[in-house]
Amino acid sequence: MHFACPAESDLSTSSTILRAGLPNRDRVPGYTGCIRSAGFSAVEASSPAIAPRLIVIGFMGGRVKGGNLIHREAQLAKELQESYPLRVDAAVFANHHAQDALGLVLHLLDRNQDGHLSATEKNSARIVIYGHSWGASETVAFARQLNVLKIPVLLTIQVDSVQKQNENDADIPPNVREAINFYQTEGLLHGRTLIVAMDPAKTTILGNFESSYRHSPVSCAKYPWIARVFMKPHIEIENDPSVWEKITALIQEKLS
143 MHFACPAESD LSTSSTILRA GLPNRDRVPG YTGCIRSAGF SAVEASSPAI APRLIVIGFM
203 GGRVKGGNLI HREAQLAKEL QESYPLRVDA AVFANHHAQD ALGLVLHLLD RNQDGHLSAT
263 EKNSARIVIY GHSWGASETV AFARQLNVLK IPVLLTIQVD SVQKQNENDA DIPPNVREAI
323 NFYQTEGLLH GRTLIVAMDP AKTTILGNFE SSYRHSPVSC AKYPWIARVF MKPHIEIEND
383 PSVWEKITAL IQEKLS
C-alpha cells in the first residue's frame with residue numbers, strides 16, 4: 143500500500159474524464175498510487191449501514207511533490223492511514239493537482255459506485271482538508287469547489303497560508319463547518335493572519351493562532367539551503383511539532 147499520491151501524477155486536469163459528475167473509475171487517483179484504506183471493498187463502500195470513512199485531503203506547499211515525506215503534510219497523511227486503516231481515507235497532493243484530489247473525493251463518496259452522487263451520498267460526506275503555504279490557499283479553494291457541488295466539509299486547516307494567484311484564502315465558504323488558521327509573521331515569507339467565515343451561522347472559525355520561532359527555533363535540517371536561509375520561519379511552522387500535534391488532535395476528533 144502506498145502512503146501518498148505521486149507528485150507528478152499520471153493524471154492531469156485534461157485526463158480526468160467526468161461522466162455524470164464523477165471521474166472515470168479507471169482514471170481515479172486512488173487507483174494509481176494515492177493512499178487507500180486497508181480492507182476497502184466494494185461491498186463495504188456500497189453498504190448504507192457502515193458509516194462513511196473520514197476523507198482527509200492534504201495539499202503541499204510551493205512546488206513540493208505530494209509524496210515528499212520530508213514534509214509534515216505528507217507525514218501526517220501516512221500516520222493517519224497507518225493508525226486508522228479502516229476509518230480513514232487519506233491522501234496528499236501537490237497544490238497544483240487539485241483536480242486529482244477532486245476525482246478521488248468524488249469516487250470515495252460514490253458509495254454504491256453507480257457513477258452518480260446522490261444527495262444522500264453528498265450529505266454523508268465527512269471531509270477534512272489541510273495544507274501549508276500555497277497548499278493552505280489550495281485548501282480553501284478546494285473547499286470552495288466542494289461548496290459548488292453542495293458537498294459539506296467538516297474542517298479546513300491552514301498552516302502559514304500564502305494566497306495563490308486567482309485564489310482567496312481568507313474567506314471560508316459556507317459548506318465548511320469549522321476552520322482554523324496557524325501562522326507566523328517573521329521572515330520574508332509569512333502566512334495570512336486572519337481568516338473569516340463567509341456565513342458565520344454555518345462556519346465556526348476555531349481561531350487564528352500565531353507562532354514565533356525567534357527564541358525557540360525548529361530544526362529544518364533536511365530542507366534545501368535556500369529555504370533555510372530565505373524562508374526559515376515559514377518552514378519552521380511547517381515542522382513545528384506543537385502545531386501538528388494540535389492538527390492531529392483536531393482530525394482525530396472527527397473520527398468520534
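With this note's numbering as the guide, the letters of the sequence shown map in order to residues 143 to 398.
By construction, the Cβ of each residue, glycine as well, lies at the ideal position given by its N, Cα and C atoms.
Since this is a predicted model, take the numbers as computed values, not measurements.
Any idea which residues DSSP pairs residue i with across the strands?
i, result
"N350", "N323"
"Q300", "G273 and N323"
"V234", "G200"
"V318", "V295"
"A339", "I314"
Report yes if the CB atom of residue i is closer than 7 Å to the CB atom of residue j, and no otherwise.
i, j, result
"V234", "A216", "yes"
"G257", "G203", "no"
"R334", "S303", "yes"
"A236", "K264", "no"
By the three-class DSSP mapping on this structure, what secondary structure does residue i have?
i, result
"D311", "coil"
"D382", "coil"
"I199", "strand"
"A278", "helix"
Can you grab the Cα-Cα spacing for the pair residue i / residue j, in whole Å?
i, j, result
"D341", "E224", "36 Å"
"H332", "T390", "22 Å"
"Q287", "R205", "21 Å"
"H249", "Y226", "20 Å"
"E378", "A343", "34 Å"
"A400", "Y355", "Residue 400 lies beyond the residue range present for the chain, which begins at 143 and ends at 398; the question has no answer from this structure."
"Q326", "E352", "5 Å"
"H376", "V338", "22 Å"
Which residue's Cα is closest to the Cα of residue i: the options?
i, options, result
"R195", "L348, E221, V270 and K207", "V270"
"V295", "F284, A369 and M373", "F284"
"S266", "E280, V247, N381 and L218", "V247"
"L348", "A369, S275, V318 and A243", "V318"
"I368", "L336, A236 and L330", "L330"
"T298", "T346, R253 and V230", "T346"
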